[in-house]
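Enquirer:
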Amino acid sequence: MTREPVASDDAEAGAPAAPRQAATVLLLRDGHHGVEVYLLRRVRGMPFAGGMTAYPGGGVDVRDAEADLSWTGPGAAQWAASFHCDEPLARELVCAAVRETFEEAGVLLASSLDGSPVDPASAQWEADRLALMARERSLSEVFAARQVTLRADLLRPWAHWITPEAEPRRYDTKFFTAAVPEGQEPRDVSGEADEAAWVRV
Numbered sequence: 258m259t260r261e262p263v264a265s266d267d268a269e270a271g272a273p274a275a276p277r278q279a280a281t282v283l284l285l286r287d288g289h290h291g292v293e294v295y296l297l298r299r300v301r302g303m304p305f306a307g308g309m310t311a312y313p314g315g316g317v318d319v320r321d322a323e324a325d326l327s328w329t330g331p332g333a334a335q336w337a338a339s340f341h342c343d344e345p346l347a348r349e350l351v352c353a354a355v356r357e358t359f360e361e362a363g364v365l366l367a368s369s370l371d372g373s374p375v376d377p378a379s380a381q382w383e384a385d386r387l388a389l390m391a392r393e394r395s396l397s398e399v400f401a402a403r404q405v406t407l408r409a410d411l412l413r414p415w416a417h418w419i420t421p422e423a424e425p426r427r428y429d430t431k432f433f434t435a436a437v438p439e440g441q442e443p444r445d446v447s448g449e450a451d452e453a454a455w456v457r458v
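Counting with our numbering, you get residues 258 to 458 for the letters of the sequence shown.
Structure, rendered in structure tokens:
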């Protein structure tokens, strides 16, 4: 779930607001007529990009930096090279991408430690998703309790966009792509969107 950045004193004085680090994920699937991407339309009353079409994602949370997390796939060094940032930030961005995708679309880019799939639509995982949204638990705490591993190998780097300087709320956003894991289906569950749909790329 996106935590909206607050306009800084510098922004009020005329200097551009400092952008907040963020991660966004383009969820993809093979449709009947080609590749499709999952899109959300943000609720119009939201202070940032209200009424606009977006992908699941949001700002990096301070607890995305927690290191006690099982990890499968490319490490922080490879992600840092892809996004031209340092390794601690790269790790936070990947964790934020996985967390935000689960919070906003109900898709969990993770698997059990033995490689078997998880069911994020189950009552137990839904309780964890709500706890993540409320910031009652961190991603590392949830994954440790459920004995699952973050699947960085399901993600691919895609783009890097920064909100224009004229905006009072700004994000420095790294974009990822990910195929929806087999057996999972996105769900509009965050309350931040009033419409969700698959759209042909």
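All residues carry an ideal CB built from backbone N, CA and C; glycine is no exception.
Tell me the DSSP bridge mates of threonine 329?
Expert: Its beta-bridge partners are Arg408.
Enquirer: If contact is defined by three or more beta carbon pairs under 8 Å, each pair taking one atom from either stretch, is the segment 422-431 in contact with the segment 381-396?
Expert: They do not touch, by the three-pair rule.
Enquirer: Can you tell me whether proline 443 is helix, strand or coil according to DSSP?
Expert: Three-state result, proline 443: coil.
Enquirer: Return the Cβ separation of tyrosine 312 and valine 282 in integer angstroms, given the expectation that the two are a contact with Cβ distance under 8 Å.
Expert: That pair is a contact at about 6 Å.
Enquirer: With DSSP collapsed to three states, give me the class of arginine 386.
Expert: Helix.
Enquirer: If we count the other Cβ atoms within 10 Å of its Cβ and call it buried at 16 or more, is alanine 454 buried or exposed?
Expert: By the 10 Å Cβ count, alanine 454 comes out exposed.
Enquirer: Glutamate 442: buried (16+ other C-beta within 10 angstroms of its C-beta) or exposed?
Expert: Exposed, since its Cβ has fewer than 16 Cβ neighbours within 10 Å.
Enquirer: Quick check on the DSSP output: the alpha helix (DSSP H) that includes threonine 358 runs from which residue to which?
Expert: Unbroken alpha helix (DSSP H) run through threonine 358: 344-362.
Enquirer: Looking at the unbroken alpha helix (DSSP H) that takes in valine 399, where does it start and where does it end?
Expert: Unbroken alpha helix (DSSP H) run through valine 399: 396-403.
Enquirer: With burial defined as no fewer than 16 other Cβ atoms inside 10 Å of the residue's Cβ, what is the status of methionine 309: buried or exposed?
Expert: Counting Cβ neighbours within 10 Å, methionine 309 comes out exposed, since fewer than 16 surround it.
Enquirer: So, with DSSP's three-state summary, where would you put arginine 277?
Expert: Arginine 277 falls in the strand class under three-state DSSP.
Enquirer: Spatial neighbours of proline 262 within its chain, please: C-beta separation below 6 Å, excluding the five flanking residues on both sides.
Expert: Low local confidence applies: a pLDDT of 47 at proline 262 is under 50, so the model's placement there is unreliable, with the coordinate-based value given in what follows. Correct list, in chain order: Arg277, Arg426.
Enquirer: Using 8 Å as the Cβ pair cut-off and three pairs as the minimum, do the segment 370-380 and the segment 345-352 touch?
Expert: These segments do not touch.
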